[in-house]
Every structure is written in structure tokens, then in C-alpha cells.
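If you're matching positions, the sequence shown starts at 1 in full-length UniProt numbering and goes up one per residue.
Built from N, CA and C at the ideal position, the CB exists for glycine as well.
Here's the structure we're looking at; comments come further down.
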Amino acid sequence: MRNKSPRLVGVTIPHSSKTPPPPVSCLGLRIFFFSWLKRCRSSRPPPPERLEHRTAVRLPCARSPAPLHFRPPASLRPLPGSPCISAASASESLQIRPCTSSAGGIGAMSLPGQGREILGEGSDEDEVVINEEDIINEIQIDEEDLPDQDEDDDSEDVDGNEMGVLEDTDDSMYTFRGHTDEVYAVAVSPIDASLVASGGKDDRGFLWKIGSSDGVLELSGHRDTVCTVGFSSDGILVASGGFDGQINVWNTVTRTFQGTLDGSGSGFEWLKWHPRGHLLIAGSEDCNVWMWNVDHNAILSTFAGHSSTITCGDFTPDGKLICTGSDDASLRIWDPKTAQSKHVVRGHNYHADGLTCLSITSDSQTVISGSKDNSVHIVKINSGQVVGSLVGHTASVECIGVSSSYNWVATGSMDQKLIIWDLAHQSSRCTCEHDEGVTSLAWLGSSRYVASGCVDGKVRIWDSLSGDCVRTFSGHADVVQSLAISADGNCIVSVSTDGSARAFDISMFK
């Protein structure tokens, strides 16, 4: 542990009848020392093991013409082969030369409060006793002049034992590691609480079970990132969509490939199943929304009207209408029977930049949308009118979720806030502060709790009544990209750019 008081490092030269040379410049030595230190820190690899911690000046015996060596503290000392400082002799200038790990034992040093004599010892040299009157030059190094210890250096306890850097604990009850790259999408079966689908940057999707490494099914066939996955309402089918412009469908019962849904070939951003059937819609980079009858592998409609990528969308809970948001800063409400837009929402009282997310109330009457322009707007679906705005975020709004039991909506933003809003009064109930941006959220069934995924890799559970964080789940080493709640409400599954999917126990919040 570094001494907090100033330190004196003494270098002594044996008495001689000749006039002693002038002392080495304190400023010059300091400049050379910190120049050397900067080079060492920027070039050295992590040491395989820590050298002994001691501050010393190596002094050969008086009869030896060998050079004097200054050895810095072990935490600042280079590995063998790295440059270090040596004074060739008291009459010569300081030089930089490679040092070795066999530089010898302790020489002598003068430190405050350590008496008049300090005994030095060498590996193969005579003992040397340094008297205080023999010291011809002292260098005082203040604490503020010393650079901080490397952040990645190991710590030491009071007994001198090495202690590694503590890592975050893993709170997950199960971790799936089938992916070989970042994972972006996750969904949980509506009928099997343990069945999960995930997709990622490795161009693959997987069907797997929480708590079991057996029976993993790869949803193969994609040639680019799988960015969206979803189960049909009856849990029989699962679909995966990717930037390759493909949507592949698998049967979860027979575990067989059902087919690829044809499209324009442009990448898909998201997909959603009809709440009561095997109809599927997906938003594409080609500015269109596509709808298929999956049982017959047939295109039913193409919804044209947006002028940029369709970034978000969904069926209304009653299945009668479709709401979509685009990078063109507009919201469209469609009739799935005619493929015509009933309402187009855009303009001065709406978003000024692309939409990022939307959520629809359980009564199918209201849609809430978020944008890159930090804004959140409330739109009545039947009329297409903007009836309110939720003002509070200062960065891009990344996720929105409506509570199924309360007339509340949660919004997450890159401004590090999750805000719970009262829709009836269009006002903020509470603000949940994070350490970094909020990327995803999910309400825990019909409870008052809401989960958030964060750039810092944490999954947090919040009480929407008080705004308190009641649980923080650690385990991920990178950004949490998406969240999904199991059908029985006992688990939350998160996926991350660290390449893993993790399941956490949330049964205590039911």
C-alpha cells in the first residue's frame, strides 16, 4: 500500500579524496523517471505474477565500479525486457537500458523515520552500511507527483497476499450459451414456460429450454443476423426473421422446419403474430409491411405507404387493426382486410424524427409511440388523433410497455431513465434512474412490477407504485438487448451482446 507521506530516496557514493561530482538534478531525474514510467505502462503485458513489493536503490559494494540502479515500487516496475532507469555512475548522465528480473537484492534507501543506518544486502556482494552523513543527494517525491496505480493491477490485503479483481456475481438460474456472437432477440412460448427462442448476430436462431441443455434445436437457414423471433399465440409455431430478408417458420411440436415466407429480399426489422391465428406481419427495410397466412405459406397483403424502414408495429389486441411506425417519423393505422391505411399520423404535433417503438393498450383504443427525438406521444386509434404527449426524456426513447392491470405506461430511454406514466392524467408517476441507457422493458404479468434491461448489463425490477428498485440481477457482461417473461410469470429471460441468454427467477414478484 502506497505511503501517504512524502518519501526520500537516498543514493550514496563512498567517500573519496577527490572532490565529489555535482548532484544529479532532482528535476532531471523526475522527468526521466516519469518518461520511463509512461513507456512501461503503455507497452507492458499483464505480468504473469507479481514481483515482490519493495522500494529500493541497489548499491554495489564500495570497491565495485558497477552502476547504481534505481528500482521503483513493484506496482510500477516493468517486466524483464522493458526499459528502466539506471544511473551509470554518479559522474555520468542517466541512461535508459533494459533491466532483468535478476537485478539483485535490496541495496539501501533513506526513508523518513527509519533511523540513521540502513543495511543493504546483495545476492553475491558484500553488505554495505549507509550512514546518513554519506548521503550527498536526496530526491523528495510528493504523493501528488506519483501516477495512480493501474486499474488492472491486482490489489493486496494487509498481509501482502494478492487478491484478484472481484467480478459481478451471476444471479441467473440458467444460462444458454449456444450462440457464438451477440444475441439480439428473445421470446418465450405462451404455453410452455420453459421453451425459449433466441436469435443473434451469428446468423442463427435457437429453440431451447430453461434448465436443460438437451433438445436444443437450431433454427438454421439464415444468411445474416437473426434480429427478431416470436411464437404464435397457440405456441405451435415459432418464426425467426433476419437481415437476409427471410422469415423461417418451425413447428415446436414436431420440431420440424415448416417453410420460408417469401418477401422482397430486404431485411426484416420485426415480426408479430396475430393474437388468435396463424397470420404473421413483419416490417421491412423496403418500407413495406408484409402479411402471410403461415399455414399456407402464402402472402396475403403488402402494406405500402411508409417512405422509410418500418421500425416497429403490432396487431391491436382485438386483432382488427395494425399499427406501424417508421423511420419516416410517421405512424400508420391499417385495416388488415383491405391493406389500406385508415389513418396517417405525422406533422408538427407528432414526432420530428424516426419512431423506435410503440405499444397498444389492452382495449385496442390507444397507441403510444416513442422516437429518436426523445418524445412520447399518445394517439387514439379510431380517430388517428394525437391526444397527448409524455414529456420527460432527454434522449432517444428505446422501449415502451403498457401495464395490463393499471392505466400506466412505462418508457425507457438512453437518458438512463425508466419513467412510469399515468395515461389518464398524462403525467409522470415516478422516474427510475439507471447507471446507463435503458434498452428494453417488460411488465411482470398483471403485477405492479416492471423489468428493465440496461446498457450496463443489469436487469432490474422496479416497483411502479414507489419507483424503487427492488431487485438487480447481475450476470451479463455487456448490453442487455431484449427481455421476455415466461408464461407462468416465474422467469424473465434476457439476451445480451455478450453472446448469452440468461433466465432469472422472478417468482417472488408474482
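DSSP places Met173 in the coil class of the three-state scheme, outside both helix and strand. Taking 8 Å as the cut-off, the beta carbon of Asp422 is found no closer than this to the beta carbon of Trp443. Along the length of the UniProt repeat "WD" (219-251), whole beta strand (DSSP E) runs at least 3 residues long occupy 226-231, 237-242 and 247-251, reported in chain order. Contact annotation, Glu285 with Ser301: C-beta distance approximately 18 Å; criterion of less than 8 Å not satisfied. Annotation for Gly370: the continuous beta strand (DSSP E) segment containing it runs Thr366 to Ser371. Rounded to whole angstroms, the gap between the alpha carbons of Asp335 and Asp214 is 43 Å. It is roughly 45 Å from the alpha-carbon of Arg429 to the alpha-carbon of Ser220. By the 16-neighbour rule on beta-carbons within 10 angstroms, Met508 is exposed. Close CB contacts of Asp318 within its chain, under the 6 Å cut and outside five residues either way in sequence, are with Ser364 (chain order). DSSP places Val344 inside the beta strand (DSSP E), whose first and last residues are Gln340 to Val345.
Pairing Val294 with Ser212, the inter-Cα distance amounts to about 29 Å. Leaving aside the five residues that flank Val387 on each side, the residues in its chain whose CB is nearer than 6 Å to its CB run, in chain order, Ile378 and Lys380. Non-local beta-carbon contacts of Ser341 in its own chain, meaning distances under 6 Å to residues more than five positions away in sequence, involve Gly305, Arg332 and Trp334 in chain order. In the three-state reduction of the DSSP assignment, Val294 falls in the helix class.
Assignment of beta strand (DSSP E) within the stretch 420-498, counting only whole runs of 3 or more residues, yields 427-433, 438-443, 449-454, 459-463, 469-473, 480-485 and 491-496 in chain order.
With respect to the 8 Å criterion, Val459 and Ser494 are classified as neighbours on the basis of their beta carbons.
Closest by C-alpha distance to Ala503, out of Val479, Phe473, Asp478 and Ala477, is Phe473. Under the 10 Å beta carbon count, Lys209 is surrounded by 16 or more other beta carbons and is classified as buried.
Excluding residues up to 5 positions away in sequence, His351, Ala352 and Asp353 lie with their Cβ nearer than 6 Å to the Cβ of Asp373 in the same chain. Between Glu433 and Lys417 a beta carbon distance of about 6 Å is seen, short of the 8 Å cut, so the two are scored as contacting. Inter-residue distance for Pro190 and Ser486 is about 7 Å (C-alpha atoms, whole angstroms).
As a beta-bridge residue in DSSP terms, Lys417 pairs with Glu433.
Counting the other CB atoms within 10 Å of its CB gives Asp435 a total below 16, which places it among the exposed residues. Burial of Arg204 is indicated by the presence of at least 16 other C-beta atoms within 10 angstroms of its C-beta. By the Cβ-count criterion, Leu465 is exposed, with fewer than 16 other Cβ atoms from all chains shown falling within 10 Å of its own Cβ. Annotation: the continuous beta strand (DSSP E) that includes Val386 extends over Val386 to Ser389. Phe268 is bridged by DSSP to Ser284. At a Cβ-Cβ threshold of 8 Å, Leu355 and Cys287 do not count as neighbours. Judged by DSSP in its simplified three-state form, Ser403 adopts coil rather than helix or strand. Residue pairing of Arg332 in beta bridges, as defined by DSSP: Thr324 and Val344. A direct Cα-Cα distance of roughly 11 Å separates Ser362 from Phe315. Counting other Cβ atoms within 10 Å of its Cβ, His179 reaches 16 or more and is therefore classed as buried. Less than 8 Å divides the Cβ of Gly235 from the Cβ of Asp192. Here the alpha carbons of Ser240 and Cys227 stand approximately 8 Å from one another.
Ranked by how close their Cα comes to the Cα of Thr394, the residues Thr411, Val402, Gln385 and Gly384 have Thr411 in first place. By the criterion of a C-beta distance shorter than 8 Å, Ser233 is surrounded in its chain by Pro190, Trp273, His274, Pro275, Arg276 and Gly277, once the five residues flanking it on both sides are discounted.
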